[in-house]
Amino acid sequence: MQRPPPKVTDEEPEELKHFREAWKAEVQQRKIQTHTVQSAVPSGSHDASTHAVSGPGPAIDQTTGKRRESLRATGSTSPERRFVAGAKHASVTLPAQPGPSSETLASQTIDLAPLGRVLQSAIDVYRRAIQHEQGGNLDEALRLYRQAFRMDDNVDKAHRKVEKLEELRIQAKKASIATATTVESGADVASPSEVIIDGKTLDLSPLFISTDEKRTYGVDAVVTGKLADLLETFPKDLGFQPEDEKAKLHIQKLPDELLIDVLRRLDHTSVERFATVNKKARMISLDSTIWREFVHETYKPPQIPDERDIKNFVQHYLYDYRRVYIEQPRLRLDGVYIAVCHYVRQGLSQNAWVNISHLITYHRFLRFFPDGQVISLLANEEMTPQQIIPLLKSSLRMKGMTIGNWRLEGTTVYITDLIDPSSLDVSRTSKRYAFQMTLSLRSRPLGRWNKLVMSTYETVNIETGETELLPLKHDRPFWFSKVRSYSAY
C-alpha cells in the first residue's frame with residue numbers, strides 16, 4: 407500500500423517544495439496507468455537480475471522506477487536515524503537503476519554561487535579564527551579575525567550565508583531520503599522503518615536487538631539516542647576476556663540468560679557499574695527486562711498522578727525503558743535529601759573593642775517513602791548527619807520532626823500535612839497548625855534527580871485553612887545522599 411507523502415511546511419526550501427510537487431504529479435499519473443506495466447531494462451552493465459523485486463508480485467512501473475532513482479543511497483552516506491517504536495524488520499530489494507543520488511539532488515537544488523578567490527580565502531581564515539577562539543587561543547583568534555576582515559569587510563556575513571546554505575543542503579538531502587516509500591508487492595513489503603535501495607539497507611528504526619541475534623548479543627532490548635549509534639559500531643562476536651591470558655575466566659561459561667537474571671536482582675547503580683566492564687557487559691545490561699522492572703516498580707503513585715500514565719511515558723521514549731528510568735522525573739527513595747544551612751548570630755562580649763559572632767549550622771532532612779509518607783527533620787549541629795540518618799524512621803519521635811504526605815507532579819514536589827507525630831498519637835485536633843512545602847526537583851551534572859530547591863514554605867491553620875508564607879532567608883537546596891540500607895522502591 408502506497409504511503410501518503412509527508413506534508414510540506416512553509417519553512418522548507420522552495421526547491422524542495424517543487425520536488426515534492428513533481429513527485430505528487432508522478433504518483434497521480436501512475437494511479438491512472440495500468441497496474442502491471444513492464445519496466446524496461448536500462449542499457450549498460452546492469453543485467454536483468456538487478457532489477458527484479460525479491461519475491462513474487464506485480465512489476466514496478468516506470469514512473470515508480472524514476473522516483474526510486476532519485477532516492478538511491480550511496481555507499482558512503484548513512485541516512486538519518488528515525489525512531490519508530492515496535493518496528494519489525496522486513497526487506498524489499500528495489501531496482502538498481504542509474505540516476506542521481508539524493509545527495510547529488512540536494513547539492514543541485516540548493517547551491518551557492520561561486521565565490522571569489524579572495525572571499526574564499528577570507529572565509530577560510532575566518533573559520534580558523536573561530537576554531538582558535540573555541541579552543542581558548544584568543545590571541546591567535548584575534549589576529550586571524552583582523553586578517554580576515556582586511557581581506558574582505560563582509561566576511562562574517564558571507565560565512566553565515568555559507569553555513570546556512572550548507573545546513574539547508576543537508577536538510578534537503580535528509581528529506582529526500584525520507585520520502586522513499588515501500589513497493590507494492592504481493593509477497594514482501596518493506597516496513598516503514600527499513601527499505602533496501604540498490605542493495606543498501608536504510609534503517610530508520612531504533613536499534614532493536616531481535617530474537618534472531620540472541621546467539622551473538624544474548625539480549626532483547628530497544629535502544630535509542632546516541633547510545634544506539636554507538637552500539638552499531640560494536641562487533642557481533644562479543645565476549646569476556648581475562649586480563650591475564652593464562653588465567654581462567656569462569657564468567658565466560660555462564661549463559662547470557664543467567665547473567666541477565668543476576669542483574670535483575672541488583673539496583674540500577676550496580677547494573678551500570680557492571681556495564682563499564684567491557685562491550686559485552688554493556689550489551690547485556692541493556693536488556694529490556696531489567697529496566698522494565700525498574701520502571702514498573704518505580705513509577706507508580708505518588709511518583710506519578712495516575713498509574714495509567716506510565717504507558718504514555720514508555721511510548722514517549724519509544725519503549726526504551728532505560729531512557730524512561732533515567733530521564734523521567736522521579737523522587738529517589740534510596741537515600742535522604744539533606745540541606746546544610748548557616749546563619750550568623752551576634753554574641754556578647756565584655757570587651758567593648760571586641761565583637762563576637764557565632765556561625766550557626768543546622769541541617770534539614772527529607773526522607774520519602776514509597777507509600778506517600780515523608781519525614782521532615784530540623785536538627786542542630788549537636789547531632790551530625792551520620793547520627794541522624796540511621797534514626798530516620800516513622801517511629802522516630804524527637805524535637806523538630808514532622809510527618810506528612812508527598813506527591814510528584816512533573817518536576818514539582820508537594821509536601822502537605824506536616825505535623826508533629828507526637829500529636830498524632832493523641833488526637834489530630836490537638837494541633838492547630840501544620841506545615842506544607844513546595845519544592846522543585848532538579849538534576850546536577852553527576853547524578854539524576856538529586857537536588858531539591860524549596861520554592862515555598864507555609865504554615866496552615868488547620869481550623870480555617872488559611873496559609874502564611876515563612877521566610878526562606880537561610881535555607882539552602884537539598885542534596886541527595888544515598889543510603890545502602892534504604893530500598894529504591
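At the far end of the sequence shown sits residue 895, using the working numbering, and the numbering has no gaps. Ideal Cβ positions, reconstructed from N, Cα and C, are used throughout, including at glycine.
Environment of residue i [buried if 16+ CB atoms lie within 10 Å]
i, result
"residue 839", "exposed"
"residue 810", "buried"
"residue 821", "buried"
"residue 676", "exposed"
"residue 789", "exposed"
"residue 671", "exposed"
"residue 720", "buried"
"residue 780", "buried"
"residue 674", "buried"
"residue 431", "exposed"
"residue 653", "exposed"
"residue 659", "exposed"
"residue 804", "exposed"
"residue 428", "exposed"
"residue 523", "exposed"
"residue 669", "buried"
"residue 824", "buried"
"residue 492", "Note that residue 492 scores a pLDDT of 36, beneath 50, so its modelled location is shaky; the value from the coordinates is reported in the next line. Classification for residue 492: exposed."
"residue 686", "buried"
"residue 693", "buried"
Rounded straight-line distance, which links the Cα of residue j to that of residue i
i, j, result
"residue 764", "residue 879", "17 angstroms"
"residue 647", "residue 767", "52 angstroms"
"residue 787", "residue 769", "7 angstroms"
"residue 529", "residue 641", "41 angstroms"
"residue 581", "residue 859", "43 angstroms"
"residue 557", "residue 533", "14 angstroms"
"residue 850", "residue 806", "29 angstroms"
"residue 552", "residue 537", "15 angstroms"
"residue 738", "residue 578", "44 angstroms"
"residue 535", "residue 543", "9 angstroms"
"residue 888", "residue 775", "14 angstroms"
"residue 435", "residue 425", "16 angstroms"
"residue 771", "residue 574", "53 angstroms"
"residue 883", "residue 876", "16 angstroms"
"residue 855", "residue 777", "19 angstroms"
"residue 754", "residue 890", "44 angstroms"
"residue 663", "residue 795", "38 angstroms"
"residue 633", "residue 643", "19 angstroms"
"residue 541", "residue 550", "14 angstroms"
"residue 545", "residue 539", "9 angstroms"
"residue 554", "residue 576", "27 angstroms"
"residue 886", "residue 684", "29 angstroms"
"residue 853", "residue 791", "21 angstroms"
"residue 872", "residue 846", "23 angstroms"
"residue 568", "residue 560", "12 angstroms"
"residue 649", "residue 637", "23 angstroms"
Whole-number beta carbon distance between residue j and residue i, since they are thought to touch under 8 angstroms
i, j, result
"residue 808", "residue 782", "5 angstroms"
"residue 735", "residue 817", "5 angstroms"
"residue 706", "residue 713", "5 angstroms"
"residue 837", "residue 848", "With a Cβ gap of about 32 angstroms, residue 837 and residue 848 do not count as contacting."
"residue 881", "residue 745", "7 angstroms"
Beta-carbon proximity check, residue i vs residue j, cutoff 8 angstroms
i, j, result
"residue 870", "residue 843", "no"
"residue 894", "residue 740", "yes"
"residue 701", "residue 743", "no"
"residue 841", "residue 866", "yes"
"residue 630", "residue 729", "yes"
"residue 666", "residue 695", "yes"
"residue 691", "residue 678", "yes"
"residue 709", "residue 814", "yes"
Report yes or no: do three or more beta-carbon pairs, one from the segment 708 to 724 and one from the segment 749 to 761, lie closer than 8 angstroms?
-> no
Is the number of C-beta pairs between the segment 523 to 537 and the segment 562 to 574 that are closer than 8 angstroms three or more?
-> Contact between the segment 523 to 537 and the segment 562 to 574 is present: 3 or more CB-CB pairs across the two stretches fall below 8 angstroms.
Any 3 or more C-beta pairs closer than 8 angstroms across the segment 785 to 801 and the segment 756 to 763 = no
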